[in-house]
Amino acid sequence: MADTMLDQKYEDLLVKAGDTNVYRHGRIGTVNVVISCLLEPPHAADAARTAQNMAATFIGIKAIVMIGFGSGVPNAGTRLGDLVISSAIIRYDRDAELNLTSIPNIAERAANVLQREIGQDGYWLSSSLYPAISKYPDLLQFSQRQNTCSDPSDYPQLHYRDIGLESQGIQSEELQDRLAPLKSIICFDDVAAGSREGDTWKRYAAANAVSYAKEIIQVMASNLMNSVRGLEGTEEIVPPPMDPRLPPFQPHQYPSHGNAVLLVIPTKNEFKRRVLQQAFRQRVPSDVVLHTLVVPVESDVGEQPYNEAGSTGAHNRISNALLRLDAVEYEETFRDRKIGIVIVACIESYIQTDNIDRPTDYGVVAIHNATTRQTEVCLSRGVTVPPAYVDRARRFGFEGDPNRGRVTVGQILAANAPGIDKADWQAVLARHSRYDLLKDALAQLPIPL
């Protein structure tokens, strides 16, 4: 199964005399890759020998990634199909001291970047699985069933912990007590277990591991790993295109108990909340009583909206907040604060990729007066984005629509250039904070009172 990760396969090459490994050669992206699988039944010593022979035969190798099966430590939180990623092997023997071997290398750095990009969620592994498992009909059906589950906990998880290596078997009933001091170990190398062809779970785990290994190689080959200094001032601030249009909002009749204005902010984002509150306090007439209520709701367009999903997200967020205000729990708020006017204001950031020379991050600023049914909307000035980071973010999939991304571009930038704020990467790349751009947009937008 391992050689199915190759984008292109090469003809077999001559190997160094004395090298007993069997190799498959090919390419992943722009990187030349050599693969060797252990003979059956495999042992830990075979794995070490295989790696040594490979490094001796192919002296230009930059990194070695080893994958295999493992036995999970009881109650360690691992499940069948999960992956344990480690640069450390802790040797455990009944009569030997612990010996920790950890060799920092480019593969470890790539794994660290991937961890910062996506954390422990392994839902994205399925996007690389299907070529690897197409010749296993039972596994293909199983994988499709696993990855259509609505519960995120049904996806494989990635555990960044240590792997133990044992030369003698440890009985399961004594394992927990003997491993009590070794909190970092989450599984043991299990190469001696063989590969039970009838075990669909095992082949599914192997396919996940192959997918992850391919991702690590692609990260190593990319030019995305950078520094704050390397990205500082590399992007531009651009004017907004034509102001967006939002569909009409459903009318809502809220009880009127006075003349006070209730400003509803439908997000938990503290910085966006501050920007909106500050704009209203500065521009609402001094004789108007203004109250603020935070009602966190979803935009239903994923973590990273693209193109028209930006306006859709703003509309959804305001609509969802209006629906929440119909609940009985808010009747007391309307009465005690003598509310007569309800205004919902939101900011929805998105990236424009269609009909544009370079991907650009904008902010949709929308204000809706639910009492008078007036709506004002505009775009902030935008900040251009390096296309490679946008492509990387989109690699991790969508929420049922290619314009509704699961991972933000800011998260990708922060993962590859530690020190960048994922929520305000504009402050580095364009030397201008996102929140200053939003303040400028709000200052030009009429408040519908």
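Following full-length UniProt numbering from start to finish, the sequence shown increments by one per residue and tops out at 449.
Every residue gets a Cβ at the ideal spot worked out from N, C-alpha and C, and that includes glycine.
Here the structure is a predicted model, which is why all the values come from computation and not from measurement.
Presumed contact (8 Å Cβ cut-off) between residue i and residue j, rounded CB distance
i      : j      : result
Arg404 : Pro296 : Contact flag wrong, Cβ pair sits at about 19 Å.
Tyr389 : Leu224 : 7 Å
Leu158 : Ile85  : 6 Å
Arg431 : Gly230 : Rounded, the Cβ-Cβ distance is 14 Å, inconsistent with contact.
Glu117 : Val407 : 7 Å
Gly302 : Phe396 : In fact, because the Cβ distance is near 11 Å, the residues do not count as touching under 8 Å.
Asn226 : Ala417 : 4 Å
Tyr435 : Val289 : That belief does not hold up - the Cβ atoms of Tyr435 and Val289 are roughly 27 Å apart, past 8 Å.
Per-residue DSSP class, three states only, for residue i
i      : result
Ile103 : Interpretation of Ile103 is limited by its pLDDT of 46, a score under 50 that renders its predicted location unreliable; the figure taken from the coordinates is listed afterwards. Residue state, collapsed to three classes: coil.
Gly198 : With a pLDDT of only 46 at Gly198, under 50, the local geometry of the prediction cannot be trusted, and the value read off the model is given with reservation. Three-state result, Gly198: coil.
Ser311 : helix
Tyr254 : coil
Lys16  : coil
Leu263 : strand
Tyr155 : coil
Leu38  : coil
Leu438 : helix
Asn32  : strand
Ile347 : strand
Gln218 : helix
Lys9   : strand
Val238 : strand
Gln444 : helix
Asp162 : strand
Leu293 : strand
Gln120 : coil
Thr148 : The predicted model places Thr148 with a pLDDT of 43, which falls under 50 and marks its position as unreliable; any figure quoted below should be read in that light. In this structure, Thr148 counts as coil in the three-state DSSP scheme.
Continuous alpha helix (DSSP H) stretch holding residue i: start and end
i      : result
Leu246 : Neither: Leu246 is in no alpha helix (DSSP H) and is coded neither H nor E.
Ala388 : 387-394
Asn369 : Note, Asn369: premise wrong, no alpha helix (DSSP H); beta strand (DSSP E) at 360-369.
Ile412 : 409-416
Val228 : 228-231
Val65  : Taken as a continuous stretch (DSSP letters only), Val65 belongs to no alpha helix (DSSP H), as it is neither H nor E.
C-beta neighbour in chain B for residue i, strict 8 Å
i      : result
Val301 : The chain labelled as chain B is not found in the depicted structure, where only one protein chain is given.
CA nearest to the CA of residue i, picked from the options
i      : options                        : result
Ser299 : Leu322, Leu290, Leu413         : Leu322
Thr353 : Gly77, Asp391, His291, Lys422  : Asp391
Ile59  : Lys16, Gly81, Gln250           : Lys16
Arg337 : His291, Ala327, Leu449, Glu270 : His291
Ile163 : Gln411, Ser87, Met54           : Ser87
Glu329 : Gly400, Thr360, Tyr254         : Tyr254
Val33  : Leu13, Ala393, Asp326          : Leu13
Asn269 : Pro251, Arg317, Val284         : Arg317
Near the ligand MN: residue i beta-carbon under 7 Å from a heavy atom
i      : result
Val284 : Judged by which ligands are present, the structure shown has none, so any question about the ligand MN falls away.
Residue i: first and last residue of the uninterrupted beta strand (DSSP E) it sits in
i      : result
Glu376 : 374-379
Leu125 : Counting along the chain, Leu125 falls outside any beta strand (DSSP E), and DSSP gives it neither H nor E.
Open item on the list: Is it the case that the stretch 211-221 contacts the stretch 20-27, given that we only count it when at least three CB pairs across the two stretches are under 8 Å?
Closed with: Too few Cβ pairs lie closer than 8 Å, so no.
Open item on the list: Quick test of the definition: if touching needs 3 or more C-beta pairs under 8 Å, does the stretch 361-381 touch the stretch 332-348?
Closed with: Yes, since at least three Cβ pairs between the stretch 361-381 and the stretch 332-348 fall closer than 8 Å, the two stretches touch.
Open item on the list: So, does the stretch 383-390 touch the stretch 257-269, judging by three or more C-beta pairs under 8 Å?
Closed with: Cβ pair count under 8 Å is below three, so no.
Open item on the list: Measuring CB atoms only, is the stretch 239-257 touching the stretch 309-320, in the sense that at least three cross pairs come out at less than 8 Å?
Closed with: Using a Cβ-Cβ distance cut-off of 8 Å, the stretch 239-257 and the stretch 309-320 are in contact, since at least three pairs of beta carbons, one from each stretch, lie closer than that value.
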